[in-house]
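First to last, the protein sequences are chains A and B.
9 is the number of the first residue of the first sequence in the working numbering; add one for each residue after it.
9 is the number of the first residue of the second sequence in the working numbering; add one for each residue after it.
Cβ coordinates follow ideal geometry from the N, Cα and C atoms, glycine included.
These numbers were taken from a predicted model, which means no experiment stands behind them.
There are 2 protein chains.
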Amino acid sequence: MVDPRTSVIDERLRKIGRIIAVSSGKGGVGKSLVATALALALARKGCKVGLFDLDFTSPSTHIILGVKDAQPKEEKGIVPPVVKGLEYMSLIYYSRDNATPLRGADVSNALIELLAVTRWSKLDFLVIDMPPGIGDAVLDLIRLVKRIEFLIVTTSSQLAFETVKKLVSLLKDLKVPIIGVVENMKMNRAKGIQQQTKKFGIAFLGEIPYDPKVEEAIGDETKLLNTALAQKIKEITMSNYIREGLYPQSA
Amino acid sequence: MVDPRTSVIDERLRKIGRIIAVSSGKGGVGKSLVATALALALARKGCKVGLFDLDFTSPSTHIILGVKDAQPKEEKGIVPPVVKGLEYMSLIYYSRDNATPLRGADVSNALIELLAVTRWSKLDFLVIDMPPGIGDAVLDLIRLVKRIEFLIVTTSSQLAFETVKKLVSLLKDLKVPIIGVVENMKMNRAKGIQQQTKKFGIAFLGEIPYDPKVEEAIGDETKLLNTALAQKIKEITMSNYIREGLYPQSA
Numbered sequence: 009m010v011d012p013r014t015s016v017i018d019e020r021l022r023k024i025g026r027i028i029a030v031s032s033g034k035g036g037v038g039k040s041l042v043a044t045a046l047a048l049a050l051a052r053k054g055c056k057v058g059l060f061d062l063d064f065t066s067p068s069t070h071i072i073l074g075v076k077d078a079q080p081k082e083e084k085g086i087v088p089p090v091v092k093g094l095e096y097m098s099l100i101y102y103s104r105d106n107a108t109p110l111r112g113a114d115v116s117n118a119l120i121e122l123l124a125v126t127r128w129s130k131l132d133f134l135v136i137d138m139p140p141g142i143g144d145a146v147l148d149l150i151r152l153v154k155r156i157e158f159l160i161v162t163t164s165s166q167l168a169f170e171t172v173k174k175l176v177s178l179l180k181d182l183k184v185p186i187i188g189v190v191e192n193m194k195m196n197r198a199k200g201i202q203q204q205t206k207k208f209g210i211a212f213l214g215e216i217p218y219d220p221k222v223e224e225a226i227g228d229e230t231k232l233l234n235t236a237l238a239q240k241i242k243e244i245t246m247s248n249y250i251r252e253g254l255y256p257q258s259a
Numbered sequence: 009m010v011d012p013r014t015s016v017i018d019e020r021l022r023k024i025g026r027i028i029a030v031s032s033g034k035g036g037v038g039k040s041l042v043a044t045a046l047a048l049a050l051a052r053k054g055c056k057v058g059l060f061d062l063d064f065t066s067p068s069t070h071i072i073l074g075v076k077d078a079q080p081k082e083e084k085g086i087v088p089p090v091v092k093g094l095e096y097m098s099l100i101y102y103s104r105d106n107a108t109p110l111r112g113a114d115v116s117n118a119l120i121e122l123l124a125v126t127r128w129s130k131l132d133f134l135v136i137d138m139p140p141g142i143g144d145a146v147l148d149l150i151r152l153v154k155r156i157e158f159l160i161v162t163t164s165s166q167l168a169f170e171t172v173k174k175l176v177s178l179l180k181d182l183k184v185p186i187i188g189v190v191e192n193m194k195m196n197r198a199k200g201i202q203q204q205t206k207k208f209g210i211a212f213l214g215e216i217p218y219d220p221k222v223e224e225a226i227g228d229e230t231k232l233l234n235t236a237l238a239q240k241i242k243e244i245t246m247s248n249y250i251r252e253g254l255y256p257q258s259a
C-alpha cells in the first residue's frame, strides 16, 4: 500500500522552485555549514528560501544560525518560523534536549511526518541539510521528494572522498540529479579531488579554503556571511549550476 | 524472546581483557584514525589486540591500515586475519564494492551476526571503531557487548561537542562506563572542550594537535605511528585510563 502521506508531500512541495539536498558521504565535512551559508546567500540575493534540517544524526543548523526562541506555528499543518530571513524548519523543534535517539523506523516516520505537515510558502529554493551517508533516511527522502537534487560536500581527505564515491554511485543508480561536488576545508593545492570528481562526470563546483573564522562565526549569520566559506558559496550561487537552474533534471 | 545469539556473543567476547569502543557524537572527527592508532600503539607495546570496524556508515580502518588482500577464515565461525599485528575484522569484508546501503534492521542484523560469528583469540584489548552518534547500531552494541567502555573523540568545534554532550548523556543514563574524551585536530590553545568535559565529570584524556602528516600516512601504519596523533595516543595508552585498567567499571 502506498503511504497516503506521499501524495501530501508532493502537494506540500509543489510550489517550490528547486529542492537542493546538501549531502555528504560522511559526517564532519562541513555539510551543515555549507547548507546554511547556501540558504543565507540565496536569500540575500532576494530569493525566497527555506532551510530544512533533516540531519537527525547531528542537527546543527539551529546552532549555526543562532536560533533562539523561534517556534513553528500550527495552522492546517506546521508553518515554519522565519529565522534570519529563511523559512526554517528542523527536527530539533521536536527533539530538543532529548538525548534518547529514535530507532530507525521512528526516524523514517519522523522525517516523513515532518515532510507531510510542513507548509512552506512559494519558495524559489528549499535547501535541505541531509543526514550524512546513505542510510535509510536518505533513501526515504529520495523516494519521497521527487525533484530532489544533490549538492555533495567533501573534504580533501581520501577517507571522506571514498564515501563520496559510494554516494555518487548510489545516486547514479537511482538516477537522482547531482548538481556537483564542493571541496571544503581545503588546506593545500592538491587537485586530486577535483580530478576524481570530473572523472565521474560530475561537476566540480569549487574549493572552499579552510577558514578558522568559521568556528567563531557559529551562531552569527552576519559573521558567517563574511567568511571565506560563504564567499565561495556566493560564487557558486552565481554559477549556472545553482542560479540559472540550467542543470538538466534528467541527467 | 531473547535472541539466542546474545549468549553466543558473551561467549565469544569472554576471553577479551578490555573492550574499548572508540566513539564520537558525529562523523569526521578522526574517530577511525584514533581507533586504529590506539590498536596499533597497544600492539606495539606487546599487548594482543583486535580491531573491529563496525562503523557501517563509513568504514575506513581498512583504508587507514592499508589492508590489501587479507580475508577472514571460516572455521567454526569466522577467524579474523592478522593485519599489521592486529586481529582485524570489518564489515567491509562482507560489503566490499557494494554501494547499496543496508536498511536499518539489516544493519543491526549484520552487526549482531558479525559479533556472534567472529572468533577472537585471548586478547588484551578489543578496539571497536563504532558508528558515529547514537543510532540503532550503537544501542545494539551497548546491549550486546556487556563490558563495553567508551572512549569519545571530538574536535574543538562547538558543533562536534554539542553531539558529544548527547552521547555522554545517553551513556550516563544507560550506566555505560566512559573512559574519557580526546580532543582531536586541535589548531588553537582554547581550553573550552577540556573544561566542559571535566564539568561533566568525565576524564579529559588529552589534546591531539592537527597534523597534516596524518593524511599522508593513510594506508601506511608505520608512518601513522610517527604522527603527532599517534604520539598522543601512545601517551594515553601509558596513562591509568587505558594501560592499567584502573577505570572503575561501575562508574
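query = For the beta strand (DSSP E) that D137(A) lies in, which residues bound it at each end?
reply = 133-137
key: Contact check, I150(B) vs L182(B), beta carbons under 9 Å   = yes
query = Thinking just about the alpha-carbon of each residue, which of I241(A), N196(A), V30(A), L147(A) is nearest to the one in E261(B)?
reply = Residue 261(B) lies beyond the range of chain B shown here (9 to 259); nothing can be said about it.
task = Pull up the distance between the alpha-carbon of L131(A) and that of E157(A), whole angstroms please.
result = 16 Å
task = Pull up the distance between the alpha-carbon of H70(A) and that of S98(A), whole angstroms please.
result = 8 Å
Per-residue DSSP class, three states only, for R155(A) = coil
ask   = Which residues, in chain order, does the segment 195-209 of chain B contribute to contact with chain A at a C-beta distance below 8 Å?
value = M195, N196
ask   = So, is A113(A) buried or exposed, given that buried needs 16 or more other C-beta atoms within 10 angstroms?
value = When all chains shown are included, A113(A) counts as exposed.
message = How far does the beta strand (DSSP E) with I241(A) in it extend, from its first residue to its last?
response = I241(A) -> not in any beta strand (DSSP E); alpha helix (DSSP H) instead, spanning 236-246.
query = How is T205(B) classed by DSSP in three states: helix, strand or coil?
reply = helix
query = Where do the ends of the beta strand (DSSP E) carrying K194(B) lie?
reply = 186-194
key: G58(A) - containing beta strand (DSSP E), residue span   = 57-61
query = Going along chain B, which residues have a C-beta under 9 Å from E191(A)?
reply = Here the premise fails: no neighbours, minimum Cβ distance about 13 Å.
query = If we count the other Cβ atoms within 10 Å of its Cβ and call it buried at 16 or more, is P67(A) buried or exposed?
reply = buried
inquiry  = Just to confirm the assignment, what range does the alpha helix (DSSP H) spanning V332(A) have?
reply    = Nothing in the structure corresponds to residue 332(A), since chain A is present only between 9 and 259.
message = Rounded to whole angstroms, what is the Cα-Cα separation between V260(A) and M138(A)?
response = With chain A covering 9 to 259 only, the question about residue 260(A) has no answer from this structure.
task = Compute the Euclidean distance between the alpha carbons of I226(B) and G85(B), then round it to the nearest angstrom.
result = Those two C-alpha atoms are separated by around 31 Å.
Local Cβ density within 10 Å of P220(A), reported as buried at 16 or more and exposed below that = exposed
Pairwise C-alpha distance: A49(B) and L46(A) = Distance between L46(A) and A49(B), taken at the CA atoms: about 42 Å.
task = For my contact list, L147(A) and F60(A) are in at a C-beta cut-off of 8 Å; report their separation, rounded to the angstrom.
result = Not quite, the Cβ-Cβ distance comes to about 17 Å (not below 8 Å), so this is no contact.
inquiry  = I need the straight-line Cα distance from E191(B) to R52(B), nearest angstrom please.
reply    = 23 Å
request  = List the residues of chain A whose Cβ lies closer than 7 Å to the Cβ of L232(B), in chain order.
outcome  = Ordered by position in chain A, no residue passes the 7 Å Cβ test against L232(B), which lies about 13 Å from the chain.
query = Does any CB atom of chain B fall closer than 9 Å to the CB of P220(A)?
reply = At a cut-off of 9 Å between beta-carbon atoms, P220(A) makes contact with chain B.
P256(B) (DSSP reduced to helix, strand or coil) = Only weak support exists for where P256(B) lies, its pLDDT of 39 falling under 50; the coordinates are left without a value.
task = Tell me, please, whether the CB atom of A49(B) is closer than 9 Å to any CB atom in chain A?
result = With a threshold of 9 Å between beta carbons, A49(B) makes no contact with chain A.
ask   = How about I186(B) and I210(B): are their beta carbons less than 9 Å apart?
value = In contact: I186(B) and I210(B) (Cβ atoms closer than 9 Å).
Euclidean distance between Cα positions of K81(A) and I120(B) = The straight-line gap from Cα to Cα measures roughly 43 Å.
task = Grab me the residues of G38(B)'s own chain with a C-beta within less than 7 Å of its C-beta, minus the 5 sequence neighbours each way, in chain order.
result = These residues qualify, in order along the chain: V161, N192, M193.
key: Buried or exposed (CB count within 10 angstroms, at least 16 for buried), D63(A)   = buried
key: Identified DSSP bridge partners for R26(A)   = F133(A)
Rounded C-alpha distance that separates A43(A) from A236(B) = 32 Å
ask   = chain A partners of I226(B), CB-CB under 9 Å?
value = S165, Q166, L167
Own chain, CB closer than 6 Å to R13(B), minus 5 neighbours either side, in chain order = I120, A124
request  = Could you tell me whether the Cβ of I186(A) comes closer than 9 Å to any Cβ of chain B?
outcome  = Residue contact with chain B for I186(A): absent (no Cβ-Cβ distance below 9 Å to any residue of chain B).
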